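S.K.:
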Amino acid sequence: MTGTDLSFSVGAEAATALDAADPLATFRHEFHLPEGPDGSPQIYLAGNSLGAVPRAAAGYVNAELERWARLGAAGHFAGEEAWVPYHELLTGSLGRLVGGRPSEVVAMNSLTVNLHLLMVSFYDPTPARHKVLIEAGAFPSDHFAVESQIRQRGHEPAGSLVLARPRAGEEALRRDDLLALIATHGAELALVLLPGVQYYTGQVLPMTEITAAAHGVGARVGFDLAHAVGNVPLALHDWDVDFAIWCSYKYLNGGPGGVGGAFVHERYAGDRSLPKLLGWWGHRAETRFEMGTVFDPAPTVESWQLSNPPILAMAPLRASLDVFDRAGGMVPLRAKSEQQIQYLDFLLAEVIGDRIETITPTMPAERGCQHSLRVREPGLDGRAVHQALQQAGVACDWRSPDVIRVAPVPLYNTFADIRRFVDILDSALHDAAR
Numbered sequence: 003m004t005g006t007d008l009s010f011s012v013g014a015e016a017a018t019a020l021d022a023a024d025p026l027a028t029f030r031h032e033f034h035l036p037e038g039p040d041g042s043p044q045i046y047l048a049g050n051s052l053g054a055v056p057r058a059a060a061g062y063v064n065a066e067l068e069r070w071a072r073l074g075a076a077g078h079f080a081g082e083e084a085w086v087p088y089h090e091l092l093t094g095s096l097g098r099l100v101g102g103r104p105s106e107v108v109a110m111n112s113l114t115v116n117l118h119l120l121m122v123s124f125y126d127p128t129p130a131r132h133k134v135l136i137e138a139g140a141f142p143s144d145h146f147a148v149e150s151q152i153r154q155r156g157h158e159p160a161g162s163l164v165l166a167r168p169r170a171g172e173e174a175l176r177r178d179d180l181l182a183l184i185a186t187h188g189a190e191l192a193l194v195l196l197p198g199v200q201y202y203t204g205q206v207l208p209m210t211e212i213t214a215a216a217h218g219v220g221a222r223v224g225f226d227l228a229h230a231v232g233n234v235p236l237a238l239h240d241w242d243v244d245f246a247i248w249c250s251y252k253y254l255n256g257g258p259g260g261v262g263g264a265f266v267h268e269r270y271a272g273d274r275s276l277p278k279l280l281g282w283w284g285h286r287a288e289t290r291f292e293m294g295t296v297f298d299p300a301p302t303v304e305s306w307q308l309s310n311p312p313i314l315a316m317a318p319l320r321a322s323l324d325v326f327d328r329a330g331g332m333v334p335l336r337a338k339s340e341q342q343i344q345y346l347d348f349l350l351a352e353v354i355g356d357r358i359e360t361i362t363p364t365m366p367a368e369r370g371c372q373h374s375l376r377v378r379e380p381g382l383d384g385r386a387v388h389q390a391l392q393q394a395g396v397a398c399d400w401r402s403p404d405v406i407r408v409a410p411v412p413l414y415n416t417f418a419d420i421r422r423f424v425d426i427l428d429s430a431l432h433d434a435a436r
């Protein structure tokens, strides 16, 4: 094989050979995977909803419980893992994953809370420039947040919300259409807020070009990276993105409801003219405990912090980020992911054929590890096929109205997982057609 031009075969021996040649294969053993109905590990293809738990996570959490029991309040300041600066233990790893400098990245709050906080700063509408561009199929929490922010600033979504839509009969957003929409509304556009990876289709959007186009018309740019971080390579600083937000419970394996993250480009660090919701933890660390009531912002993204870090929520994420670092980060992980993507594409074409369609774009630069599948065979109920997959030990999810999402995650999914999934899908389709 050369580069990404790979030759596959349908037989199970191909998956065995691919797994034997995988330099990242041992990292699967660093995660607990749920059991299937026969007691063997489940074919866990739901990391786009909730990542698998790192085996080390319990030790990291228990270490903080032990420190709490042993030190009490002194744990805030004692030792290298003191709780006051605990969030800093995550900064370097997160920065490498999103392509941000240490001063630009912070773990805090949850995704939607961070979106509201950053929209307060970066959505600053005027009578002439008040529009926000999002995709028509945005994740509901993003849509709700944007609508509420528009109303809070004295505007109405009917006049201030611009929706990017796929063309008729298509699922993905076209690059040229996005750039044209930005140009069309440019004089009125205050903010472009789009996903790095669209949650329903799995499409990776052209973030560099979107950013340049938005800045070219005088708008700011933010990205929701919930389905991008830990999935595809990112370079937020170099792309000149204004801000980004993400969760940690999907590809970052930070646990259910895990702590979120935020990126703010360093050019805004000293800009005191930006409106901002203030909290004690955003105050400069050196004088925070002097308990003054004149806000002196931290000279980094940390000035957007509100409260002290949730240690027991950050500990499992720290365990996962350690695994990412030891795996070498996104370059080797993406290389394996691209190979798994092509392998699954090949098997779907050879074994399943036109009974299933993939609505995820086919170009490598436009997709991450998620495959969004739609049952095409007449008379078959896609939801019933999804239920059959689950009953057979495949963890994947259903997104209304008609998509089954499966995501082979390179940290813990094997090529054998992919092969077994396609066999089970084939059987489920046959059974549903009877």
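Plus 2 on top of the position in the sequence shown (first one is 1) and you've got my numbering. For each residue, glycine too, the CB sits at the ideal point set by N, CA and C. In this text, all values refer to a predicted model and were calculated from it rather than measured experimentally.
Per DSSP, which one or two residues make a beta bridge with Ala48?
M.R.: Against the sequence shown, residue 48 aligns to sequence position 46. Its beta-bridge partners are Ala409.
S.K.: Give the straight-line distance between the Cα atoms of Asp226 and Leu196, rounded to the nearest whole angstrom.
M.R.: On the sequence shown, residue 226 is found 224 positions in, with the first residue counted as 1. On the sequence shown, residue 196 is found 194 positions in, with the first residue counted as 1. Distance between the alpha carbons of Asp226 and Leu196 is about 6 Å.
S.K.: By the DSSP assignment, the alpha helix (DSSP H) with Asp212 in it spans what residues?
M.R.: In the sequence shown, the residue the question calls residue 212 occupies position 210. It should be pointed out that residue 212 corresponds to Ile in this sequence rather than to Asp. From DSSP, the alpha helix (DSSP H) with Ile212 extends over Met209 to Gly218.
S.K.: In this structure, how does DSSP classify Arg422 when only helix, strand and coil are distinguished?
M.R.: Taking the sequence shown and counting its residues from 1, the one referred to as residue 422 is at position 420. Looking at Arg422 - three-state DSSP - the assignment turns out to be helix.
S.K.: According to DSSP, simplified to helix, strand and coil, what is Asp21?
M.R.: Translated into positions along the sequence shown, residue 21 becomes position 19. Asp21 falls in the helix class under three-state DSSP.
S.K.: By Cβ distance below 8 Å, which residues in the same chain neighbour Arg153 in space, the five residues on each side in sequence not counted?
M.R.: Translated into the one-based positions of the sequence shown, residue 153 becomes position 151. Once the five neighbours on either side are set aside, the close Cβ partners of Arg153 are Pro159.
S.K.: Measure the beta-carbon distance from Arg57 to Glu82 and round it to whole angstroms, keeping in mind my assumption that it falls under 8 Å.
M.R.: Here residue 57 is taken as the residue at index 55 of the sequence shown, counted from 1. Here residue 82 is taken as the residue at index 80 of the sequence shown, counted from 1. About 23 Å; that fails the 8 Å criterion.
S.K.: With DSSP as the reference, please indicate the residues paired to Gln205 in a beta bridge.
M.R.: Walking along the sequence shown from the start, residue 205 turns up at place 203. DSSP output for Gln205 lists Arg369 as bridge partner(s).
S.K.: Measuring alpha carbon to alpha carbon, tell me which of Ile420, Gln392 and Arg328 ends up nearest Leu26.
M.R.: Translated into the one-based positions of the sequence shown, residue 26 becomes position 24. It is Arg328 whose Cα lies nearest to the Cα of Leu26.
S.K.: Please list, in chain order, all residues of the same chain as Ser305 whose beta carbon is under 6 Å from its beta carbon, the five residues on each side excluded.
M.R.: As a working note, residue 305 is residue 303 in the sequence shown. Correct list, in chain order: Gly284 and Pro299.
S.K.: I want to know whether the segment 328-341 touches the segment 166-178 - three or more CB-CB distances under 8 Å.
M.R.: Contact between the segment 328-341 and the segment 166-178 is absent, because fewer than three Cβ pairs lie under 8 Å.
S.K.: State the CB to CB distance for the pair Val108 and Tyr253, rounded to an integer number of angstroms; the pair is presumed to be in contact (CB under 8 Å).
M.R.: By one-based count along the sequence shown, residue 108 stands at place 106. By one-based count along the sequence shown, residue 253 stands at place 251. Incorrect: roughly 19 Å between the Cβ atoms, too far for contact.
S.K.: Within a Cβ cutoff of 7 Å, which residues of the same chain sit near Trp70, ignoring the five residues on either side of it in sequence?
M.R.: Walking along the sequence shown from the start, residue 70 turns up at place 68. Around Trp70: Gly77.
S.K.: Taking C-beta to C-beta, are Val405 and Leu375 nearer than 8 Å?
M.R.: Your numbering for residue 405 matches position 403 in the sequence shown. Your numbering for residue 375 matches position 373 in the sequence shown. It is a contact, given that the beta carbons lie within the stated cut-off.
S.K.: Taking Cβ to Cβ, would you say Ser143 is nearer than 8 Å to Leu276?
M.R.: Numbered from its first residue, the sequence shown carries residue 143 at position 141. Numbered from its first residue, the sequence shown carries residue 276 at position 274. For Ser143 and Leu276, no; Cβs fall outside 8 Å.
S.K.: Roughly how far, in whole angstroms, is the beta-carbon of Met316 from the beta-carbon of His145, given that I think they are within contact range, below 8 Å?
M.R.: As a first step, residue 316 is located in the sequence shown; it is residue number 314 there, counting from the start. As a first step, residue 145 is located in the sequence shown; it is residue number 143 there, counting from the start. In fact, because the Cβ distance is near 28 Å, the residues do not count as touching under 8 Å.
S.K.: Report the option in Ile358, Trp85, Pro312 and Cys371 whose CA atom is closest to the CA atom of Pro380.
M.R.: Translated into positions along the sequence shown, residue 380 becomes position 378. Closest option to Pro380, Cα to Cα, is Ile358.
S.K.: Quick one: grab the DSSP three-state call for Leu113.
M.R.: Here residue 113 is taken as the residue at index 111 of the sequence shown, counted from 1. Residue state, collapsed to three classes: helix.
S.K.: Would you report the Cα separation of Asp21 and Leu431, rounded to the nearest angstrom?
M.R.: Along the sequence shown, one-based indexing puts residue 21 at 19. Along the sequence shown, one-based indexing puts residue 431 at 429. When rounded, the distance between both Cα atoms is 27 Å.
S.K.: Hey, could you find the ends of the alpha helix (DSSP H) Asp144 is sitting in?
M.R.: Here residue 144 corresponds to residue number 142 of the sequence shown, with the count starting at 1. Pro142 to Gln154 is the extent of the alpha helix (DSSP H) around Asp144.
S.K.: Per DSSP, what are the beta-bridge partners of Ala166 in this structure?
M.R.: By 1-based counting over the sequence shown, the position of residue 166 is 164. Per DSSP, Glu137.
S.K.: Apart from the five residues on each side of it in sequence, which residues of its chain come closer than 8 Å, Cβ to Cβ, to Val55?
M.R.: Counting from one through the sequence shown, the residue named residue 55 turns up at place 53. The residues are Phe33, His34, Asn255, Gly257 and Pro318.
S.K.: Report buried or exposed for Asp383, applying the criterion of at least 16 other Cβ atoms within 10 angstroms of its Cβ.
M.R.: On the sequence shown, residue 383 is found 381 positions in, with the first residue counted as 1. Looking at its Cβ environment, which holds fewer than 16 other Cβ atoms inside 10 Å, Asp383 is exposed.
S.K.: Measuring straight from C-alpha to C-alpha, what distance separates Gly94 and Leu238?
M.R.: The count along the sequence shown starts at 1 and reaches residue 94 at position 92. The count along the sequence shown starts at 1 and reaches residue 238 at position 236. About 14 Å.
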